[in-house]
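**Q** In the working numbering, the protein residues as written are 3 to 566. All residues carry an ideal CB built from backbone N, CA and C; glycine is no exception. Input: one structure, supplied below.
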C-alpha cells in the first residue's frame, strides 16, 4: 500500500514537471497542461493515476494545498512595492470581490437555474483571481511598477476575502439557519480573526528571529511559521489559509532584510517555489484525473457563457467601480488591470473540489455540486487560455507597452553583475580576515574578475546597439553625484567660502539640472521590474531633495542670523 502511494506521488511530480515544461514551450500557464496530464492519466484514458490510492479526499488535498500556495504568494510579495498600491489593492480585494460574487451569482441563478445559495457559492469560488499565472508573460513588457505591484498585491489579498465568503456560504449551503446579520458578522469575524492571528504570529516570529539572529536554515523555520500561523487561526475560529498569507507578508520583510544571508534567502525562496509547484501540480493533476468528459461536457457551453460574462462585463465593471476614486491610474490602466486579473486559478479549482467532495459525502445536492465543479473547471481553463494568449497584445494596445528582449537581457545582466560584485567583495573580506588562503583567494578572485569582465562586455555591446538601455542607471548615478555637489556647496557656504548670491545661483543651476534629469528618467525605457535601477534612481532623487531642503534651511537660518 505504501509503495502504491509513493508511486502515485512520484507519477504526479514527474508528470507535473513534464506538463510545466510543455506550458513553457507553448507559452501558456502550467494550469492547462497540468489538467490535461491529469485527464490523460485518469480513468477515462490511461487509468494510471488513481486518486483513491493516495488515501486522501479532494477536500483534504485542497485544504493542504491552499495554505501552502497562499503562504508562497505572501512570501514573494514585497511589502515595500505593495505600499504604493495598498489602497487600490484593498478596494479590489473587498468591493470588487463582493460585486463579483453577486454578479456571477446572478448570472448563475438565472442562466443555470441554481439556487441562490449555490449561485453565490459559485460566485465566491470564482471571485478568487490568479493574475500571478500570467505575470511571467508581463515581465517581458514595460509595464509600470504601480500596475505590476497592484496585480501582485491582488494575488495575495483577493483570495482572503473570497475564502471568507466561501466559508460562510458553505455553512448556509449545508443547511444551517443563519440570518443576514449573523452571516455578515461571521464573515467579519473570519477576516478579522485570521488577519489578527497572522499578524500576531508573524510579529512574534520576527522578534524571535531578531533575538536569535537567525541568518540561515530559513526553509525549516518558514515551515514552522506556516504551521503555527495555520494552527493559531484555526484554533480561534478563523481561516488558516488567510492567516498564512498575512504571516508570510510579515515574515518576508525579515527574510529580505540585511540580517539574512543572501544565499540563504535565495535558496529558501527557490525551495518554496518548488513546494508551491508541487502543491499546484497535486491540485490540478488530481482534479484532471477526477474529470469525466461525459460529466463535464454538459457544462462546456455554460462555462464559456459565464466566462464571457465575467471577462467582458463583471470583471471590468467591478474593477472600474472599486477604483473609481483612484486618479493615479488612467482609464486604460484600469481596463488592463481588469483584463489581466481575469484568470481564475488554483484557489478556485481547490474550492470547487471541496464542494464536489462534500457532495460525495451526501452533504450537498449532487446535481448542483456537479454544475459548480464542471463550470468552475471550464471557467478556469477558458479565462487562463484567453488572458495568457492576449495579455501581451492588450498591454501593447492599452498601455503602449513594448516587448524588448534587449531590455530584459540588460536587466538580467545588470542584476548578475551586481551579485558578482557583492560576492567578490565578500571574498575579499573573508581573505582580509584570514578565512581564505592566499592561493584560494587569488584563484577565485581571478575567476570572478573574468566573469565580471565578460558580463560588462556583453552589457557594453547591448548599450552600444541600444544606448537608451542604461539611461535610468546613468541618471541615478548623476543624481547621486549632484547630491554630493550640493552638499559640498552647502559646506562652502557655511565656511564663508562663497557668498549668498553665489550659493543661490549654484542651487538654481543644480535644481534646473535635476529637472532635466527627471525628464530624461521619465522618457527612458521602463525598468519598473528591475529593483536595482528603480530603487537606485529613487534613492538618488531622495538624496538630492534632502540636500536642497538642507540648503533652503541654511539659507533661511543665515538670513535670520543676519537680521539679528
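In this structure, what does DSSP give as the bridge partners for residue 131?
**A** Here residue 131 corresponds to residue number 129 of the chain shown, with the count starting at 1. Looking at the DSSP assignment, residue 131 forms a beta bridge with 346.
**Q** Could you check how far apart the C-beta atoms of residue 235 and residue 244 are, in whole angstroms? I think they sit under 8 Å.
**A** To locate residue 235, count along the chain shown from 1; it is residue 233. To locate residue 244, count along the chain shown from 1; it is residue 242. Between residue 244 and residue 235 the Cβ distance is about 7 Å, and since that is below 8 Å, they are a contact.
**Q** For the pair the region 180-193 and the region 36-43, tell me if three or more CB-CB distances fall below 8 Å.
**A** Result no; under three Cβ-Cβ pairs closer than 8 Å.
**Q** CB-CB under 7 Å to residue 453, same chain, minus the five flanking residues each way: which ones, in chain order?
**A** Here residue 453 refers to the residue found at position 451 when the chain shown is read from its first residue. Only 422 meet the Cβ criterion.
**Q** Relative to the C-alpha of residue 162, which candidate in 349, 33, 396 has its C-alpha closest?
**A** Here residue 162 is taken as the residue at index 160 of the chain shown, counted from 1. Here the closest residue by C-alpha is 349.
**Q** Where residue 332 and residue 326 are concerned, what is the direct C-alpha to C-alpha distance, given to the nearest angstrom?
**A** In the chain shown, counting from the first residue as 1, residue 332 sits at position 330. In the chain shown, counting from the first residue as 1, residue 326 sits at position 324. So the alpha carbons of these two residues sit roughly 10 Å apart.
**Q** According to DSSP, is residue 334 helix, strand or coil?
**A** The residue you call residue 334 lines up with position 332 of the chain shown. Here residue 334 carries a helix assignment [DSSP, helix/strand/coil].
**Q** Cβ of residue 495 versus every heavy atom of the ligand ATP: is any distance shorter than 8 Å?
**A** With respect to the ligand ATP, the structure offers nothing, as it holds no ligand at all.
**Q** From residue 106 to residue 217, what distance separates their C-alpha atoms?
**A** Within the chain shown, the letter at position 104 stands for residue 106. Within the chain shown, the letter at position 215 stands for residue 217. Residue 106 and residue 217: Cα-Cα distance of roughly 47 Å.
**Q** Going by other Cβ atoms of all chains shown within 10 Å of its Cβ, with 16 needed for buried, is residue 345 buried or exposed?
**A** Counted from its first residue, the chain shown places residue 345 at position 343. Looking at its Cβ environment, which holds 16 or more other Cβ atoms inside 10 Å, residue 345 is buried.
**Q** Sorted by chain position, which residues of the same chain lie with C-beta nearer than 7 Å to residue 366's C-beta, five sequence neighbours on each side aside?
**A** Numbered from 1 along the chain shown, position 364 holds the residue referred to as residue 366. Contacts found: 175, 357, 360.
**Q** Report the three-state DSSP secondary structure of residue 489 (helix, strand or coil).
**A** On the chain shown, position 487 is the one that residue 489 refers to. Residue 489 falls in the helix class under three-state DSSP.
**Q** Taking residue 6 as the reference, give the member of 15, 48, 52 with the closest Cα.
**A** Along the chain shown, read from residue 1 onward, the residue named residue 6 stands at position 4. Selected option, being the one with the closest Cα: 52.
**Q** Of all the CB atoms in chain C, is at least one closer than 9 Å to the CB of residue 237?
**A** Absence of chain C from the displayed structure is noted, only one protein chain being present.
**Q** Let me make sure I understand the geometry here. Which of 510, 73, 41 has the alpha-carbon closest to that of residue 2?
**A** Any answer about residue 2 is impossible in this case: the structure gives the chain only from 3 up to 566.
**Q** Considering only the alpha carbon of each residue, which of 324, 108, 309, 314 lies closest to residue 381?
**A** Position 379 of the chain shown, counting from 1, holds the residue named residue 381. For residue 381, the nearest C-alpha among the options comes from 309.
**Q** Check residue 329 in the structure and name its three-state DSSP category.
**A** For this step, residue 329 is matched to residue 327 along the chain shown. Correct three-state label for residue 329: coil.
**Q** Measuring straight from C-alpha to C-alpha, what distance separates residue 49 and residue 88?
**A** Against the chain shown, residue 49 aligns to sequence position 47. Against the chain shown, residue 88 aligns to sequence position 86. Those two C-alpha atoms are separated by around 47 Å.
**Q** Determine, using beta carbons only, whether residue 347 and residue 132 come nearer to each other than 9 Å.
**A** The count along the chain shown starts at 1 and reaches residue 347 at position 345. The count along the chain shown starts at 1 and reaches residue 132 at position 130. Going by C-beta atoms, residue 347 is nearer than 9 Å to residue 132.
**Q** Following the continuous alpha helix (DSSP H) through residue 208, name the residue where it begins and the one where it ends.
**A** Position 206 of the chain shown, counted from the first residue, corresponds to residue 208. Note, residue 208: alpha helix (DSSP H), 182-214.
**Q** Is residue 363 helix, strand or coil by DSSP?
**A** The count along the chain shown starts at 1 and reaches residue 363 at position 361. Three-state DSSP puts residue 363 in coil, outside helix and strand.
**Q** Are the Cβ atoms of residue 93 and residue 340 separated by less than 9 Å?
**A** Locating residue 93 in the chain shown gives position 91, where the first residue counts as 1. Locating residue 340 in the chain shown gives position 338, where the first residue counts as 1. Going by C-beta atoms, residue 93 is not nearer than 9 Å to residue 340.
**Q** Between the Cα of residue 159 and the Cα atoms of 145, 402, 200, which residue gives the shortest distance?
**A** Mapped onto the chain shown, residue 159 falls at position 157. The option with the nearest alpha carbon to residue 159 is 200.
**Q** Quick one: using the 10 Å Cβ neighbour count with 16 as the cut-off for buried, is residue 31 buried or exposed?
**A** Walking along the chain shown from the start, residue 31 turns up at place 29. So residue 31 ends up on the buried side.
**Q** Under a three-way DSSP split, which group does residue 500 fall into?
**A** As a working note, residue 500 is residue 498 in the chain shown. In the displayed model, residue 500 falls within coil according to three-state DSSP, outside both helix and strand.
**Q** Would you mind working out which of 69, 81, 499 sits nearest residue 240, comparing C-alpha positions?
**A** Residue mapping note: residue 240 aligns to position 238 of the chain shown, counting from 1. Ranking 69, 81, 499 by Cα distance to residue 240 puts 69 first.
**Q** In terms of residues, what are the limits of the alpha helix (DSSP H) holding residue 232?
**A** Mapped onto the chain shown, residue 232 falls at position 230. Counting along the chain, the alpha helix (DSSP H) containing residue 232 begins and ends at 220-237.
**Q** Under 6 Å Cβ to Cβ from residue 311, same chain only, skipping five residues before and after it: list those, please.
**A** Here residue 311 corresponds to residue number 309 of the chain shown, with the count starting at 1. 109, listed in sequence order.
**Q** Let me know the secondary structure DSSP gives residue 52 once reduced to three states.
**A** Locating residue 52 in the chain shown gives position 50, where the first residue counts as 1. Note: residue 52 maps to coil in three-state DSSP.
**Q** Buried or exposed for residue 492, going by 16 or more other Cβ atoms inside 10 Å?
**A** As a working note, residue 492 is residue 490 in the chain shown. Buried.
**Q** State buried or exposed for residue 157, treating a residue as buried only when at least 16 other CB atoms are found within 10 Å of its CB.
**A** Residue mapping note: residue 157 aligns to position 155 of the chain shown, counting from 1. Result: buried.
**Q** Whose CA, out of 60, 64, 27, 13, lies closest to the CA of residue 42?
**A** One-based indexing of the chain shown puts residue 42 at position 40. Taking only the C-alpha atoms, the option nearest residue 42 is 13.
**Q** Quick check on residue 281: does DSSP put it in helix, strand or coil?
**A** One-based indexing of the chain shown puts residue 281 at position 279. It is helical.
**Q** Assign residue 461 to one of two classes, buried (16 or more other C-beta atoms within 10 Å of its C-beta) or exposed (fewer than that).
**A** Start at 1 with the first residue of the chain shown, and residue 461 comes out as number 459. Buried, because 16 or more other Cβ atoms sit within 10 Å of the Cβ of residue 461.
**Q** If you follow the alpha helix (DSSP H) that residue 35 is part of, which residue opens it and which one closes it?
**A** Numbered from its first residue, the chain shown carries residue 35 at position 33. Per DSSP, residue 35 belongs to the alpha helix (DSSP H) from 33-43.
**Q** If you reduce the DSSP assignment to three classes, tell me which class residue 272 lands in.
**A** One-based indexing of the chain shown puts residue 272 at position 270. Of the three classes helix, strand and coil, the one that applies to residue 272 here is helix, per DSSP.
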